[in-house]
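Heads up: the structure comes next, in structure tokens.
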Amino acid sequence: MSVNLNGARVLLTGATGGIGNAIARGLHERGAHVLATGRRQDALDELARELGDRLEPVVADLADRDAVVSLADRARQVDVLVANAALPGSGALDSYTPEEIDRALDVNLRAPIQLTHALVPSMVERGSGHVVLISSLSGKVPAAFSSIYSATKFGLRGFGLSLNDELHETPVGVSIVAPGFIRDAGMFAEAGVTLPKGTGTRTPDDVSAAVVRAIEKGRQEIDVAPLSFRLGARASGVAPSLVTGLQRRLGSHRVGSEMGEGQRSKR
Ligand SMILES: NC(=O)c1ccc[n+]([C@@H]2O[C@H](COP(=O)([O-])OP(=O)(O)OC[C@H]3O[C@@H](n4cnc5c(N)ncnc54)[C@H](OP(=O)(O)O)[C@@H]3O)[C@@H](O)[C@H]2O)c1
Numbered sequence: 474m475s476v477n478l479n480g481a482r483v484l485l486t487g488a489t490g491g492i493g494n495a496i497a498r499g500l501h502e503r504g505a506h507v508l509a510t511g512r513r514q515d516a517l518d519e520l521a522r523e524l525g526d527r528l529e530p531v532v533a534d535l536a537d538r539d540a541v542v543s544l545a546d547r548a549r550q551v552d553v554l555v556a557n558a559a560l561p562g563s564g565a566l567d568s569y570t571p572e573e574i575d576r577a578l579d580v581n582l583r584a585p586i587q588l589t590h591a592l593v594p595s596m597v598e599r600g601s602g603h604v605v606l607i608s609s610l611s612g613k614v615p616a617a618f619s620s621i622y623s624a625t626k627f628g629l630r631g632f633g634l635s636l637n638d639e640l641h642e643t644p645v646g647v648s649i650v651a652p653g654f655i656r657d658a659g660m661f662a663e664a665g666v667t668l669p670k671g672t673g674t675r676t677p678d679d680v681s682a683a684v685v686r687a688i689e690k691g692r693q694e695i696d697v698a699p700l701s702f703r704l705g706a707r708a709s710g711v712a713p714s715l716v717t718g719l720q721r722r723l724g725s726h727r728v729g730s731e732m733g734e735g736q737r738s739k740r
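Position one of the sequence shown corresponds to residue 474 (the numbering used here), numbered consecutively onward.
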């Protein structure tokens with residue numbers, strides 16, 4: 474199922490982040506009215522100043538269960554949900570406190586599920602709507618120092634693909650957009666990790682274009698990554714230990730552990 478973004482009302486979470494910022498611009502360019510959320514009021518205000526009256530900023534902490542309910546109430550009339558906000562969730566499992574684990578699960582998995590649950594029925598009633606869940610290639614390929622993040626992103630993919638099937642007879646669809654390493658802005662770029670030579674990356678604008686394509690063409694799943702990564706993700710579905718073994722030889726433990734350190738402040 475597809476939705477024409479021109480004039481559509483969209484709830485976008487995580488609009489203050491590197492990728493969310495690009496998605497907000499992409500949706501706005503297509504003529505959408507964007508309800509843009511984040512925790513940082515100043516970053517939201519700046520986006521609103523730039524994009525004008527078709528962008529409405531809403532401060533919401535998605536780790537706060539009451540705030541998720543209020544946000545869903547406020548967004549009741551949206552045609553599209555883009556659940557993009559997330560914490561990195563990287564690092565060794567034993568470096569996490571129980572509270573940090575709960576926060577990652579709440580922001581990355583619980584909030585998107587609750588928002589989808591709250592918003593889809595009125596989309597179905599109105600006869601049109603779409604949900605885009607921003608997952609990750611870490612939602613398809615396991616890797617060391619990514620257990621919490623992967624738990625949320627594998628979970629989001631399972632939720633989205635299953636719900637898309639459940640909604641088959643309705644005019645509402647669900648898409649999964651799964652970026653690989655994204656350069657220039659966002660949680661990977663800010664971690665300051667050097668990738669092994671030849672590792673391909675994509676940009677926030679590539680993710681934004683994939684989100685627009687998912688909504689306007691009704692695509693079930695889009696991976697935003699070079700061909701080698703997309704093929705690796707497919708192979709991982711069949712033989713995960715083969716792929717983790719290959720990744721280890723290419724330096725995945727170093728990358729994963731540096732990422733955990735570089736992203737620690739975002740827990
Ligand atoms: N960057 C990559 O290479 C990459 C790769 C694969 C997938 N992804 C996925 O792409 C999406 C965007 O990531 P990004 O790179 O743009 O990350 P980012 O720059 O760190 O932005 C994260 C966004 O999530 C919001 N957020 C974090 N905790 C929140 C909370 N408790 N309540 C409400 N909002 C919260 C942040 O809002 P505030 O800053 O205002 O708090 C920010 O807008 C995520 O789902 C991520 O998992 C990213």
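Using N, Cα and C, we set each Cβ at its ideal position, and we do this for glycine too.
- Look at lysine 739: its beta carbon is less than 8 Å from one of the heavy atoms in ligand 1.
- Leaving aside the five residues that flank leucine 544 on each side, the residues in its chain whose CB is nearer than 6 Å to its CB run, in chain order, Ala533.
- Assigned with DSSP and collapsed to three states, histidine 641 falls in coil, not helix or strand.
- For arginine 675, the number of other beta carbons within 10 angstroms of its own is at least 16, and it is reported as buried.
- The beta carbons of phenylalanine 618 and glycine 733 sit closer together than 9 Å.
- For the pair serine 611 and valine 531, the Cα-to-Cα distance works out to about 29 Å.
- Sequence-distant partners of arginine 737 (beyond 5 residues in either direction) whose C-beta falls short of 7 Å from its own C-beta, in its chain, are Gly564.
- Assignment of serine 475 by DSSP, reduced to helix, strand and coil, places it in the coil class.
- Taking C-beta separations shorter than 7 Å and ignoring five residues to either side along the sequence, the partners of glycine 705 in its chain run Val614 and Val716, following chain order.
- The C-beta distance from lysine 739 to proline 561 rounds to 5 Å, short enough to meet the 8 Å contact threshold.
- As computed with DSSP, serine 648 is found in a beta bridge with Val605.
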